[in-house]
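As given, the protein sequences belong to chains S and W, one line each in that order.
What the first sequence shows, in this note's numbering, is residues 238 to 832, in sequence order.
What the second sequence shows, in this note's numbering, is residues 159 to 348, in sequence order.
Glycine is no exception: its CB is placed at the ideal position from the N, C-alpha and C atoms.
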Amino acid sequence: MERSSGHTRMLRRGCLLVAAVAAASVVGALPVSAADEVNQERLLNVDKEPGNWLHHHQNYSAHRFSTLKEVNRDNVKNLKVAWTMHLGGIEGGGIWSHGGLEGTPIAENGFLYVTDGWGSVYKIDAHGGRGVLVWKMDPKTDRDWAGAVACCGVDNRGVALWGDLVISHTLDGRLVATNKETGQVAWQRNVADPDKGEVITGAPLIVKNMAITGVAGAEYGIRGWIAATDLATQKEVWRTHTIPGKGEPGSDTWKDSNNAAAAGGGSTWVTGTYDPATDTIIWGIGNPGPDWDNAYRPGDNLYTDSSLALDATTGKIKWHYQHTPNDPYDYDSVAENVLVDIPGPSGPRKLALEADRNGFAYAIDRTTGKFVWGLPFVKKVTWTKGLDAESGKPIEYDPNKPVQTYVASVTPSRTNMETDICPGNMGGKNWPPTAYNPDLKLWYIPVIESCNRIKVEVATPDKLKAREFWTGGGPSQPFKITGSVTAIDVTTGKIAGKMETPFPNLGGILATPDLVFSGQPSGEVMALDAKSLQKLWEFNTGGGVNAPPMTFTVDGKQYVAILVGLGGAWDKWFIDSTPELKKIQPGSMLYVFAL
Amino acid sequence: MMIFNRFPAAVGVLLAIVVALNFSMPTAVYGQSAQAPATDPTNAGKVVFSRANCVGCHKWHGNGGGGYGGDALSLRKTEMTRDQIIETVGCGRPGTGMPFFMRGAYDEVKCHDMNRQDAGAQMPPEGGTFLRPKDIEAVADYVIAHIKGAGEPTYAECVTFFSNTSRVCDVYKAQAPKPDDATASTGKDQ
Numbered sequence: 238m239e240r241s242s243g244h245t246r247m248l249r250r251g252c253l254l255v256a257a258v259a260a261a262s263v264v265g266a267l268p269v270s271a272a273d274e275v276n277q278e279r280l281l282n283v284d285k286e287p288g289n290w291l292h293h294h295q296n297y298s299a300h301r302f303s304t305l306k307e308v309n310r311d312n313v314k315n316l317k318v319a320w321t322m323h324l325g326g327i328e329g330g331g332i333w334s335h336g337g338l339e340g341t342p343i344a345e346n347g348f349l350y351v352t353d354g355w356g357s358v359y360k361i362d363a364h365g366g367r368g369v370l371v372w373k374m375d376p377k378t379d380r381d382w383a384g385a386v387a388c389c390g391v392d393n394r395g396v397a398l399w400g401d402l403v404i405s406h407t408l409d410g411r412l413v414a415t416n417k418e419t420g421q422v423a424w425q426r427n428v429a430d431p432d433k434g435e436v437i438t439g440a441p442l443i444v445k446n447m448a449i450t451g452v453a454g455a456e457y458g459i460r461g462w463i464a465a466t467d468l469a470t471q472k473e474v475w476r477t478h479t480i481p482g483k484g485e486p487g488s489d490t491w492k493d494s495n496n497a498a499a500a501g502g503g504s505t506w507v508t509g510t511y512d513p514a515t516d517t518i519i520w521g522i523g524n525p526g527p528d529w530d531n532a533y534r535p536g537d538n539l540y541t542d543s544s545l546a547l548d549a550t551t552g553k554i555k556w557h558y559q560h561t562p563n564d565p566y567d568y569d570s571v572a573e574n575v576l577v578d579i580p581g582p583s584g585p586r587k588l589a590l591e592a593d594r595n596g597f598a599y600a601i602d603r604t605t606g607k608f609v610w611g612l613p614f615v616k617k618v619t620w621t622k623g624l625d626a627e628s629g630k631p632i633e634y635d636p637n638k639p640v641q642t643y644v645a646s647v648t649p650s651r652t653n654m655e656t657d658i659c660p661g662n663m664g665g666k667n668w669p670p671t672a673y674n675p676d677l678k679l680w681y682i683p684v685i686e687s688c689n690r691i692k693v694e695v696a697t698p699d700k701l702k703a704r705e706f707w708t709g710g711g712p713s714q715p716f717k718i719t720g721s722v723t724a725i726d727v728t729t730g731k732i733a734g735k736m737e738t739p740f741p742n743l744g745g746i747l748a749t750p751d752l753v754f755s756g757q758p759s760g761e762v763m764a765l766d767a768k769s770l771q772k773l774w775e776f777n778t779g780g781g782v783n784a785p786p787m788t789f790t791v792d793g794k795q796y797v798a799i800l801v802g803l804g805g806a807w808d809k810w811f812i813d814s815t816p817e818l819k820k821i822q823p824g825s826m827l828y829v830f831a832l
Numbered sequence: 159m160m161i162f163n164r165f166p167a168a169v170g171v172l173l174a175i176v177v178a179l180n181f182s183m184p185t186a187v188y189g190q191s192a193q194a195p196a197t198d199p200t201n202a203g204k205v206v207f208s209r210a211n212c213v214g215c216h217k218w219h220g221n222g223g224g225g226y227g228g229d230a231l232s233l234r235k236t237e238m239t240r241d242q243i244i245e246t247v248g249c250g251r252p253g254t255g256m257p258f259f260m261r262g263a264y265d266e267v268k269c270h271d272m273n274r275q276d277a278g279a280q281m282p283p284e285g286g287t288f289l290r291p292k293d294i295e296a297v298a299d300y301v302i303a304h305i306k307g308a309g310e311p312t313y314a315e316c317v318t319f320f321s322n323t324s325r326v327c328d329v330y331k332a333q334a335p336k337p338d339d340a341t342a343s344t345g346k347d348q
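Put into structure tokens, the structure is as follows:
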């Protein structure tokens, strides 16, 4: 139930709370509020509270690994629905007929915090083996304004916690801080501007009292950025553009006379990771624009399609690693970089792992930004013959060539105006997150096994208009698309297993000591054996799974939770590749499982 | 860019169907039509334009454009006649993403002289909602009156479409180009 107390009552509550907080800060800390205050110390040490799930990606390294093992290989077959909750937010807006659910719930001390596609935040009390809605914060997102420039759905991937606040984003560009106790908005700040084609779909990353925000809009001619907001002062600390300004390092990788860089894309719509040892944020950067006419923007187009390492305090770029220079395929590198330490011949190797839309999984030395290994994780790659063993660049890449053609016979270009590419433009892996089991050193990738057809439309400066698509062509879906969960042994850089699925994986992965959880857009939530990837349990939710599973404890009992509601890009743009999914209804539901 | 295929032979057939199905239904069948000024006879068509999700591909301004779904044709630049628009809405466009919105199209009644079997792989998708013949006429009248032949979208036009409930129209307000955060000047708004 939405909290609907009268305004005065809420105000009084607010006053009481303020008084309580003030008292707490004076006398030291009340036990209750101290336990509930989220600070950097707790965010750095989430392993000390395994029953909670405090980060979007579970920890700063994006492992999405829980040590909870009440639910395990031996008993997972007994997993059943404990409770469910209907949420809202499926209304349409802009070019979208309905919203969907892509969020990861956050769990703290028996309470869940989830979002719907329009950015409403729900606090749910999970004590006592049932879910009770404590409050709902509806940010009243301007749906027509934002929905008209959201390329890929009415999406919101979740919240973060800081202090006594719930930190969230809205599609129309706001960073919102909500009082965790009352559900009242404490403050909000405009970070992105839909008038420029910018929207926000990702969850915030909290680093040292800052909320880090990424932006979407590379299909609308934005110039991407990552921004840090001081949560105490509500002021912007830094904003680093992902496309260099004139004269800045990397600006010489935009060699055109169209001023393409000013609308060059480089979005940042998937939450990144943080390495406290070096105070480094690592964030994935999206495609250049226009997507498919790379002759409009000769040069490597830095820092599009790159993993970017930033000094967390200043936002200054430390290193970058670009996967697909001068990309003509829409192969974003927005994916999360998973931070992993593995034993090496001369001490531990500190890696950043990224499963790229271009179909290759990469391990980068996260101290230097140098390539360590890479391999295809999809069954079919046609755009390149492979990666150079030294540099990790596609072997056809020629740094002296202004416009890359890679395997020219399949690559979209002004002389190859209609062509089929594998992976398709949604990529071998899109935003759905990977998971990493540090005991087994296995990294699990939610895979879209795909090809699709690209039609090129030659871009000209006059076609660049505010809030209009800037893509230089478009895809169609003449081929059936399937999926898999693919495991990579991080010690060897080789594929350890692949569990094929009838539909693409649009939800992502949760790893536990001996299990892997995932879902299908046809409705199934499943548990696999962590080593063999054999399916051990499955439940059909009757909706489309488009969000990652997570796990938590309350009253000492382990639960697995997942949001269910097919939305996003798939059922508008890619549905023809999976015609069976046309019958999946829009929905908005939280499922919670337990033994 | 897609090429617009005309189906002159089918137009007559469709017209006949539309006429045949044209019972004496009132034009203003939707409660929402009360929101718009009663003076504009094409308000019912505007409601259909939103309700049938024409905006999903053609956008509110009808210019369509590229993007992830391929090109939706510009209704502002279209040369289609009223009858051709009616046919296209009812029957969709074979071989493209333009859906058909007439109940029974290709099954109970032929479209472009084809049934479902004839259309085969060219069969257009089914619209998310079916429209009655009066609705199809209404949306065609709306397109003719407000979209076809119009130039670039304007602020006034946008506000007429959305009223003042959203910031969606702000971008069309006459104003100097905003200074971008970029040291490079923006190519937008120009």
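- Beta-bridge partners of D276 (chain W) (DSSP): none assigned.
- For S628 (chain S), no beta strand (DSSP E) run applies, since DSSP gives it neither H nor E.
- The C-beta separation of R301 (chain S) from A748 (chain S) comes to about 6 Å, placing the pair in contact by the 8 Å criterion.
- With a threshold of 16 other beta carbon atoms within 10 Å, E295 (chain W) meets it and is buried.
- With respect to P376 (chain S), R411 (chain S) sits close: the two C-beta atoms are nearer than 9 Å.
- A Cβ-Cβ distance of about 5 Å is found for the pair G523 (chain S) and V571 (chain S), placing them in contact under the 8 Å criterion.
- For A784 (chain S), the closest C-alpha among the options S:V308, S:G734, S:N289 and S:I343 is that of S:I343.
- Taking a contact as a CB-CB distance under 8 Å, the pair I332 (chain S) and K217 (chain W) counts as one, their CB atoms being some 7 Å apart.
- With fewer than 16 other beta carbons inside 10 angstroms of its own, G623 (chain S) counts as exposed.
- Residue-level contact by beta carbon fails for R534 (chain S) and chain W, as no gap is shorter than 9 Å.
- Taking the CA atoms as reference points, V213 (chain W) sits about 11 Å from G329 (chain S).
- At least one beta carbon of chain S lies nearer than 9 Å to the beta carbon of V329 (chain W).
- Close to chain S, meaning a Cβ-Cβ distance shorter than 9 Å, are the following residues of the segment 197-214 of chain W: N211, V213 and G214.
- Taking the beta carbon of D379 (chain S) as reference, the chain W residues within 8 Å of it are S324, R325 and V326, listed in sequence order.
- If you ignore the 5 residues before and after D569 (chain S), its C-beta comes within less than 6 Å of the C-beta of G523, N524 and R594, all in its own chain and listed in chain order.
- Interface residue (Cβ-Cβ distance to chain W less than 9 Å): R704 (chain S) is classified as such.
- By the criterion of at least three beta-carbon pairs nearer than 8 Å, the segment 290-307 of chain W is not in contact with the segment 355-364 of chain S.
- In this chain, Q242 (chain W) is not harboured by any beta strand (DSSP E); it is covered by the alpha helix (DSSP H) spanning R240 to C249.
- Straight through space, the alpha carbons of W774 (chain S) and F706 (chain S) are spaced by roughly 42 Å.
- The shortest C-alpha to C-alpha distance from I449 (chain S) to any of S:I463, S:Y457 and S:V436 is the one to S:I463.
- At a C-beta separation below 8 Å, G664 (chain S) has no neighbours in chain W, since its nearest C-beta there lies roughly 13 Å away.
- For F288 (chain W), no CB of chain S lies under 9 Å from its own CB, so it is not counted at the interface with that chain.
- Between P750 (chain S) and N309 (chain S), the C-beta gap is smaller than 9 Å, which places the two residues in contact.
- In the displayed model, F302 (chain S) falls within a strand according to three-state DSSP.
- Counting C-beta pairs closer than 8 Å gives fewer than three between the segment 718-726 of chain S and the segment 697-705 of chain S, which falls short of the contact rule.
- With its beta carbon at least 9 Å from every one in chain W, G354 (chain S) lies outside the interface.
- Near chain W, meaning a CB-to-CB distance below 8 Å, the residues of the segment 441-466 of chain S are E456, G458, R460 and W462.
- Against chain W, the beta carbon of P660 (chain S) has no neighbour under 9 Å; the closest one sits roughly 15 Å away.
- Counted as a single uninterrupted DSSP element, the beta strand (DSSP E) harbouring K731 (chain S) occupies residues K731 to T738.
- Counting only Cβ-Cβ distances below 8 Å, F320 (chain W) has contacts in chain S at D381, in chain order.
- Residue range N201 to R209 is occupied by the alpha helix (DSSP H) that includes N201 (chain W), with no beta strand (DSSP E) assigned at that position.
- By the C-beta density criterion, W491 (chain S) is buried, having at least 16 other C-beta atoms within 10 angstroms.
- Our two residues, K285 (chain S) and D602 (chain S), have alpha carbons roughly 27 Å apart in a direct line.
- Think of a sphere of 7 Å around the beta carbon of S334 (chain S): the chain W residues whose beta carbon falls inside it are N211, G214 and G286, in chain order.
- Taking 9 Å as the cut-off, the Cβ atoms of V351 (chain S) and L743 (chain S) do not count as close.
- Counting only Cβ-Cβ distances below 7 Å, D432 (chain S) has contacts in chain W at D328 and V329, in chain order.
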